[in-house]
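Chains as they are written, first to last, in the working numbering: chain E, 1 to 274; chain F, 275 to 592.
We put the CB at the ideal spot given by N, CA and C, even for glycine.
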Amino acid sequence: MSGSPNVGTVYRWELRKLRAQKRTYLGLGAAAAVPVIFVVATSLRGGGPNDVAFGRYIHDTGLAIPLVLLLFGSIWMFPLITALVAGDIVAAEDGNGTLKTILTRSLERGQVFGGKLLAAWTYAVAAIFLNGAVALVAGTIASGFNPLVSLSGTTVSAPRGLLLVALSLLVYLIPIIAIACVGLLLSTITHNSAAAVVGTLIFSLMLQLIGILPGLGATRPYLLSTQFDAWQGLLRQPIDWQPIVRAAWVCTLYAVPATVWAYLAFLRRDVAGG
Amino acid sequence: MQNDAAPVEVRGLVKRYGDLVAVAGVDLTVEPGDVYGYLGPNGAGKTTSLRMMLGLIRPTAGQVRLFGRDPQVTVHALEGVAGFVEAPRFYPYLSGLENLRMMAAFDGADAAERIGPSLDIVDLADRARDRVGGYSHGMRQRLGIAGALLRNPRLMLLDEPTTGLDPGGMRDMRLLVRRLAGEGITVVLSSHLLSEVEELCNRVAIVRSGSMVYEGHLSELRRTAGSGYRLRTTDDALAERVCRAQPGVTNVRAGDSELRFTADEPVVAQLSVALVESGAAILALAPEHATLEELFFRLTEGDENRDRVAPATLERAS
Numbered sequence: 001m002s003g004s005p006n007v008g009t010v011y012r013w014e015l016r017k018l019r020a021q022k023r024t025y026l027g028l029g030a031a032a033a034v035p036v037i038f039v040v041a042t043s044l045r046g047g048g049p050n051d052v053a054f055g056r057y058i059h060d061t062g063l064a065i066p067l068v069l070l071l072f073g074s075i076w077m078f079p080l081i082t083a084l085v086a087g088d089i090v091a092a093e094d095g096n097g098t099l100k101t102i103l104t105r106s107l108e109r110g111q112v113f114g115g116k117l118l119a120a121w122t123y124a125v126a127a128i129f130l131n132g133a134v135a136l137v138a139g140t141i142a143s144g145f146n147p148l149v150s151l152s153g154t155t156v157s158a159p160r161g162l163l164l165v166a167l168s169l170l171v172y173l174i175p176i177i178a179i180a181c182v183g184l185l186l187s188t189i190t191h192n193s194a195a196a197v198v199g200t201l202i203f204s205l206m207l208q209l210i211g212i213l214p215g216l217g218a219t220r221p222y223l224l225s226t227q228f229d230a231w232q233g234l235l236r237q238p239i240d241w242q243p244i245v246r247a248a249w250v251c252t253l254y255a256v257p258a259t260v261w262a263y264l265a266f267l268r269r270d271v272a273g274g
Numbered sequence: 275m276q277n278d279a280a281p282v283e284v285r286g287l288v289k290r291y292g293d294l295v296a297v298a299g300v301d302l303t304v305e306p307g308d309v310y311g312y313l314g315p316n317g318a319g320k321t322t323s324l325r326m327m328l329g330l331i332r333p334t335a336g337q338v339r340l341f342g343r344d345p346q347v348t349v350h351a352l353e354g355v356a357g358f359v360e361a362p363r364f365y366p367y368l369s370g371l372e373n374l375r376m377m378a379a380f381d382g383a384d385a386a387e388r389i390g391p392s393l394d395i396v397d398l399a400d401r402a403r404d405r406v407g408g409y410s411h412g413m414r415q416r417l418g419i420a421g422a423l424l425r426n427p428r429l430m431l432l433d434e435p436t437t438g439l440d441p442g443g444m445r446d447m448r449l450l451v452r453r454l455a456g457e458g459i460t461v462v463l464s465s466h467l468l469s470e471v472e473e474l475c476n477r478v479a480i481v482r483s484g485s486m487v488y489e490g491h492l493s494e495l496r497r498t499a500g501s502g503y504r505l506r507t508t509d510d511a512l513a514e515r516v517c518r519a520q521p522g523v524t525n526v527r528a529g530d531s532e533l534r535f536t537a538d539e540p541v542v543a544q545l546s547v548a549l550v551e552s553g554a555a556i557l558a559l560a561p562e563h564a565t566l567e568e569l570f571f572r573l574t575e576g577d578e579n580r581d582r583v584a585p586a587t588l589e590r591a592s
């Protein structure tokens, strides 16, 4: 390898480091195992979560499974999986004392930060799509690849349903990316992996709590946690883009300040440990 | 233009953490080809200074120039510079080789081609494929040197490279440093081991509580060390007063049944006359070739020593 190292160099090595760590497989393993457990459990017991959207269709079509899991996963599973890596990615360097190792090479701090940010996002994206793919396959095996009933009560053909599920996963990534940015911020400023992972999860849970507190209902559309439901706009007929557009700008309002703060903190910090 | 600049130029370097002053104004210049010893007791601010030199910590005041460039402004200032502070650290879940590959990737240019030769130099080639998590302290230390060599450095900053090594490891590390210096690499080596600095370095800076107490050639320091004298008389208290009164006699210290002071030879001749005239008969007056170690302690613990000696002196005088 030759030439000047850049953000891409850091990114590739961050992924390589992720591949060599157990923590990575803990999150991805959970993302893959949960759909299987869900499908097996609901197949054995029959019935299902009838009170959530698509819950009553899980025995009719496999397409309903990933959607139900998106609903459940937004409470804490996906924020946790995202935080597991995003909260660790800078703080682990503090724990290992390796920041001094990488910051005394030929990379500017901003490049190191950029590579880490991209790696944290990549991991979150991988976890969501792994979860969705496993849910689709397991669901299709258990319930078949059949048409889906939309939230408007209309029937959507199976191929179009598949497209909508894929798009839903994409829209779901908007708040997930924002959570990853918050995790990276906590990772950068706490210097402590456990604190950053737990802090990110608590941040996510607190927002959900605010959303259900009486009198604070007006804040709900602007909470990061609410944006986890934006994908449901895709499953109306006609498609309701309004919650998706809102998710895009609301999440930007969380992600950008968190990232800028983390970036500046990373640039200015004294690397005194290790 | 970069080549004309000194490998390291530090001016008025200060680092404060709140009320705590870790580094209180360090000035030093390292010339090409120096093996420069940065010497001081633990907690003297050596590591903090080195971190500032490597751009890891922002100075509260003052500046660092490496070959004329400021490591606080750009990482390009570290071109041709390598080293580590405290123990070198690696990713424990990666092999030594993988760690080096990553460092080489982060160095860019032709660093990757030096992985093999560097492993050979530090004698780690046969363990390179093992995870660093299973490495001994000495192996990590050597891997740190290998990592530094990837940068093909003209300047190496090494922070206590022999600390924590067994005697064999210390010897190997010193041989390695000498070999690197022999190849023309300028080395800055911090240490709290005087013998190490004496063995390896041509110039030294001695720091105490964040401040410089000496900077210069080791040979000059030795010359300073040669001008001490030991004096035993029949009346030490009287002799001490005479010594303190004699112009040119400095650093008078009372020890157990003897006095020590620093003076030039002609002054000593005058002093011996003054002593006899005062009535303190001389039992022994001998030049003392202070070891570098004594000098070091005099420089780094000077104030404490004086405090410790003073009460005893008073007792005897009364």
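Report task. Please report how far the alpha carbon of Leu44 (chain E) lies from the alpha carbon of Ala218 (chain E), in whole angstroms. Result -> 41 Å
Query raised in the report: Can Gly73 (chain E) and Gly139 (chain E) be called in contact, C-beta distance under 8 Å?
Result: no
Query raised in the report: Can you name the residues that DSSP bridges to Gln337 (chain F)?
Result: F:Arg285
Query - C-beta atoms of Gly233 (chain E) and Gln227 (chain E) nearer than 8 Å - result: no
Requested in this report: Could you tell me the distance, in whole angstroms, from the CA atom of Gly421 (chain F) to the CA atom of Ala378 (chain F)?
Outcome: 8 Å
Report task. Would you mind stating whether Leu292 (chain E) and Pro66 (chain E) have Cβ atoms separated by less than 8 Å? Result -> Because chain E is modelled from 1 through 274, residue 292 (chain E) falls outside the range shown and cannot be assessed.
Query raised in the report: When we look at the beta-carbon of Ser111 (chain E) and count the other beta-carbons within 10 Å, is it buried (16 or more) or exposed?
Result: It is worth fixing the name first, because residue 111 (chain E) is Gln in this sequence and not Ser. Buried: at least 16 other Cβ atoms inside 10 Å.
Requested in this report: Determine, using beta carbons only, whether Ala379 (chain F) comes closer than 8 Å to chain E.
Outcome: yes
Query raised in the report: So, does the CB of Lys100 (chain E) fall closer than 8 Å to a CB anywhere in chain F?
Result: yes
Query raised in the report: Helix or strand or just coil, what does DSSP make of Gln242 (chain E)?
Result: helix
Requested in this report: Show which residues of chain E have a CB atom less than 9 Å away from the CB atom of Arg448 (chain F).
Outcome: Those do not exist, as Arg448 (chain F) stays about 23 Å from chain E at its closest Cβ, beyond 9 Å.
Requested in this report: Tell whether a beta-carbon distance below 8 Å holds between Ala356 (chain F) and Arg425 (chain F).
Outcome: yes
Query raised in the report: When you compare only the Cα positions, how much space is there between Leu417 (chain F) and Arg105 (chain E)?
Result: 15 Å
Query raised in the report: Around the C-beta of Lys17 (chain E), are 16 or more other C-beta atoms found within 10 angstroms, so that it is buried, or is it exposed?
Result: Flag for Lys17 (chain E) reads buried.
Requested in this report: Let me know if Trp249 (chain E) comes out buried or exposed under the rule of 16 or more other beta-carbons within 10 Å of its beta-carbon.
Outcome: exposed
Query raised in the report: Hey, is Val197 (chain E)'s beta-carbon within less than 8 Å of any beta-carbon in chain F?
Result: no
Query raised in the report: By DSSP, does Phe72 (chain E) sit in helix, in strand, or in coil?
Result: Helix, per DSSP.
Query raised in the report: On the three-state DSSP scale, how would you describe Ile58 (chain E)?
Result: Three-state DSSP puts Ile58 (chain E) in coil, outside helix and strand.
Query raised in the report: Taking a cut of 9 Å between CB atoms, which residues from the segment 8-38 of chain E lie near chain F?
Result: Thr9, Val10, Arg12, Trp13, Arg16, Lys17, Ala20, Gln21 and Lys22
Query raised in the report: Quick one: which chain F residues come within Cβ less than 7 Å of Arg105 (chain E)?
Result: Neighbours of Arg105 (chain E) in chain F, taken as residues whose beta carbon is under 7 Å from its own, are Met377, Phe380 and Asp381 in chain order.
**Report entry** Residues near Phe129 (chain E) in its chain [Cβ-Cβ closer than 8 Å; skip 5 each side]
**Finding:** Leu169
Query - Whether Met486 (chain F) touches Val300 (chain F) by CB criterion (8 Å) - result: yes
Query raised in the report: Listing by chain order, which chain A residues have their CB less than 7 Å from the CB of Tyr367 (chain F)?
Result: As a matter of chain content, chain A is missing from the structure shown, whose protein chains are E and F.
Report task. Locate the alpha helix (DSSP H) running through Pro175 (chain E), then write down its first and last residues. Result -> It spans Ala158 to Thr190 - the alpha helix (DSSP H) in which Pro175 (chain E) sits, taken as one unbroken run.
Query - Nearest neighbour of Ala126 (chain E), chosen from E:Ile244, E:Ala86, E:Ser193 and E:Cys251 [CA to CA] - result: E:Ala86
Query - CA nearest to the CA of Glu470 (chain F), picked from F:Arg343, F:Leu545 and F:Leu439 - result: Proximity to Glu470 (chain F) across F:Arg343, F:Leu545 and F:Leu439 peaks at F:Leu439, based on C-alpha coordinates.
Query - Counterpart residues of Phe358 (chain F) in DSSP-defined beta bridges - result: F:Leu432
Query raised in the report: Are at least three pairs of beta-carbons, each pair with one atom in the segment 301-320 of chain F and one in the segment 452-464 of chain F, less than 8 Å apart?
Result: yes
Report task. Identify every residue that forms a DSSP beta bridge with Tyr291 (chain F). Result -> F:Leu294
Query raised in the report: Does Met1 (chain E) get closer than 8 Å to chain F when you measure Cβ to Cβ?
Result: At Met1 (chain E), the pLDDT of 45 sits below 50, so the modelled position is not reliable and the matter cannot be decided from this model.
Query raised in the report: Cβ of Asp270 (chain E) less than 8 Å from any chain F Cβ?
Result: Output row for Asp270 (chain E): interface = yes.
Report task. Please confirm if the segment 19-37 of chain E is in contact with the segment 77-92 of chain E, defined as three or more CB-CB distances below 8 Å between the two stretches. Result -> At 8 Å Cβ cutoff, the stretches touch.
Query raised in the report: Start and end of the alpha helix (DSSP H) containing His411 (chain F)?
Result: His411 to Leu423
Query - Where Ile202 (chain E) falls: helix, strand or coil (DSSP) - result: Taken through DSSP and simplified to helix, strand or coil, Ile202 (chain E) comes out as helix.
Query raised in the report: For Ile174 (chain E), is the classification buried or exposed, using 16 other Cβ atoms within 10 angstroms of its Cβ as the cut-off for buried?
Result: So Ile174 (chain E) ends up on the buried side.
Query raised in the report: Can at least three beta-carbon pairs, one atom from the segment 341-357 of chain F and one from the segment 400-416 of chain F, be found at a separation below 8 Å?
Result: no
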